[in-house]
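So for the sequence shown, my numbering puts the first residue at 1; every next one is plus one.
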Amino acid sequence: MTKNRKAKSIARTRAGKTGEKYTAAHAATSIGFADDPEATNAQHLVTLVRQGAERRYGTDLPATVRTRLNDELAYIRTVGFVDHYLTMHAIVEAAEREDVVVGPGRGTAAGSIILYVLGVTAVDPIATNLLFDLFISQGRNNFPEVGLPVGRGGDKLHGFISSTWRSESPRWFEEVVDLGAEPLTVQILRLAHIDIVTDTVQLIEQRTGTRIDASALLAHTNMDDSRVRKTWDAIANGDTNECFCLDSAGVQGFAARVKPGSLHDLAATIALFRPAPLEAGLTDLFAGRASGDLLDYSEYTTDPAERAVIASILDDTRGVWTYLEQLMRLGTAVAGLDIRGRGILRRAVAKKDGDLWTRTMEDFRSGALRDTAADGSPKLAFSEETTAKIVDSINRDAPSLFTAAHAYPFAQVAFATAYLKTNWPAEFAEASTPPKRFSNTKQSSNVRKRALSA
1 MTKNRKAKSI ARTRAGKTGE KYTAAHAATS IGFADDPEAT NAQHLVTLVR
51 QGAERRYGTD LPATVRTRLN DELAYIRTVG FVDHYLTMHA IVEAAEREDV
101 VVGPGRGTAA GSIILYVLGV TAVDPIATNL LFDLFISQGR NNFPEVGLPV
151 GRGGDKLHGF ISSTWRSESP RWFEEVVDLG AEPLTVQILR LAHIDIVTDT
201 VQLIEQRTGT RIDASALLAH TNMDDSRVRK TWDAIANGDT NECFCLDSAG
251 VQGFAARVKP GSLHDLAATI ALFRPAPLEA GLTDLFAGRA SGDLLDYSEY
301 TTDPAERAVI ASILDDTRGV WTYLEQLMRL GTAVAGLDIR GRGILRRAVA
351 KKDGDLWTRT MEDFRSGALR DTAADGSPKL AFSEETTAKI VDSINRDAPS
401 LFTAAHAYPF AQVAFATAYL KTNWPAEFAE ASTPPKRFSN TKQSSNVRKR
451 ALSA
């Protein structure tokens, strides 16, 4: 495999509460990734995507998967990001060769189905309704930052990056700096709970002979059904001390009210136990719905067709506004927004600009009343009364929204730790103690002092 190695730079930020954080960046160049010298990088990416899609979804790909793959591939080729995707795949392959366990992903990269089938992320964006256009927007010139949460072994990946894309003068920085045209920024983040998972798995095999694939566990696959049920019971009982995102008494009490029994429920539990949704009453509303409070969307409409559209967006979170992705999807389903319009809606939420928000909501309102979408396709025209109620709820709850692309990876790591704690408590307890966790690493003292909770 021939690679055109140009000078690149490696930067590191300060250690955060989740551990060491590296940022690798390089200018994307014409690198030959394929073993076949006749194959272009674009052809090689298509081959990898086809193989990965069959591993993830089977040989008979669902239509939604096929469409999403084709749409992403078309965009990636158009904007020239083929090499960026291949580089991410090469880094994850290196992690596998070096036995570096990589978490399910971090941030909006989870919205890319191609990163999912390439093994860079481990959250199914179709099953979790994650959005590619939240990861990368039309007209954007730079490839978005991708985060790879890892356990100990991040230095091995740094070494791989440095040797593969050789730096003439590698340096360490306290901050990430502008590294030139067409950068690819990869954050390799040390997450201590991945060490807890891998150490627990090793102890279980040593003591019981039971082999557990840590990567599969973090990907929420290949688990014993009876142990899974036992784990959900433990989460519902608040027995999750030292588990990722589930360590505090507050979130344990909330989980006891919600009694999550699926990844959807657990992700929403994590997303809603934050100050903004707590203050807005969304946390209590979600817990009440979990306890059997009526959910019929009558606060918006009694029209069955309108209700069905709203339910298609909010049912996953029991009718409670939880994610930014829900707002963007509702923008298309109700107001007929295209990708550009959804991007404006997203920016309006992020910027908290009063004038921009007012204009965006006016566009939303007028779009909802029409019977055609921005692309000319037919859509349901909502009544003025229903539209006003939806806009009011958006105005009220949009500041509380979290990103589902964060929540689902968090939920998968949280469940993995709870699964091990519930079913192998002694091994989990031993792996969770700081001396065990850091016995084979040279991480700095401020990392050693990191609290067990995320």
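All C-beta atoms, glycine included, are put in the ideal place defined by N, C-alpha and C.
Straight-line Cα distance separating residue j from residue i
i	j	result
Ile270	Cys245	7 Å
Thr67	Asp124	15 Å
Arg307	Asn129	19 Å
Trp232	Gly154	31 Å
Thr59	Thr358	47 Å
Val349	Thr360	10 Å
Ala388	Asp375	23 Å
Asp397	Gly209	50 Å
Thr121	Leu115	6 Å
Ala276	Leu401	8 Å
Ile91	Phe410	22 Å
Thr78	Val146	20 Å
Pro144	Thr403	16 Å
Given residue i as reference, the closest of the options once Cα atoms are compared
i	options	result
Leu331	Arg274, Ile390 and Ser291	Rather than Leu, the amino acid found at residue 331 in this sequence is Gly. Residue Ile390 is the option with its Cα nearest to Gly331.
Trp321	Leu345, Asp303, Ile394 and Leu294	Ile394
Glu242	His193, Thr358, Tyr57 and Lys230	His193
Val197	Gly151, Thr221, Gly58 and Trp165	Gly151
Leu189	Gly107, Asp303 and Thr208	Gly107
Ser377	Phe81, Gln412, Gly336 and Ala404	Gly336
His158	Ala95, Asn142, Gly103 and Val120	Ala95
Asn222	Ile212, Gly119 and Ser298	Ile212
His406	Thr283, Glu325 and Ile76	Glu325
Val334	Phe415, Ile235 and Thr301	Thr301
Asp224	Ala431, Asp99, Asn423 and Pro144	Asn423
Three-state class that DSSP yields for residue i in the structure shown
i	result
Gly107	helix
Arg211	coil
Tyr297	coil
Thr403	coil
Leu148	strand
Pro409	helix
Pro62	coil
Ala181	At Ala181, the pLDDT of 49 sits below 50, so the modelled position is not reliable and the matter cannot be decided from this model.
Thr372	strand
Val334	helix
Arg190	strand
Val79	helix
Pro434	helix
Val123	coil
Ile31	Because the pLDDT of Ile31 is 45, which lies under 50, any placement of that residue in the model is unreliable, and the number read from its coordinates should be weighed accordingly. Three-state result, Ile31: coil.
Close-in-space but distant-in-sequence residues of the same chain around residue i (CB under 6 Å, 5 per side omitted)
i	result
Val251	Phe273
Assumed close pair residue i, residue j - CB separation to whole angstroms, cut-off 8 Å
i	j	result
Ala305	Leu380	6 Å
Ile126	Glu72	Wrong, their Cβ atoms sit about 12 Å apart, outside the cutoff.
Met328	Leu345	6 Å
Ala214	Val117	About 21 Å; that fails the 8 Å criterion.
Ala255	Gly281	Not quite, the Cβ-Cβ distance comes to about 18 Å (not below 8 Å), so this is no contact.
Leu295	Gly319	5 Å
Asp99	Ala431	No, Asp99 and Ala431 are not in contact; Cβ-Cβ is about 17 Å, not under 8 Å.
Contacts around residue i, its chain only, beta-carbon distance under 7 Å, and the 5 residues preceding and following it disregarded
i	result
Val258	Asp265, Thr269, Phe286, Ala287 and Ala290
Thr417	His193, Ile196, Val197, Cys243 and Phe244
Ala414	Cys243, Phe244, Cys245, Leu246, Leu266 and Ile270
8 Å CB neighbourhood of residue i in its chain, flanking five on each side removed
i	result
Leu61	Ala53, Glu54 and Leu69
Val49	Leu69, Leu73, Ile114, Val117 and Leu118
Residue i at chain B interface by Cβ criterion, 8 Å
i	result
Lys259	Given the protein chain composition of this structure (a single chain), no chain B is represented.
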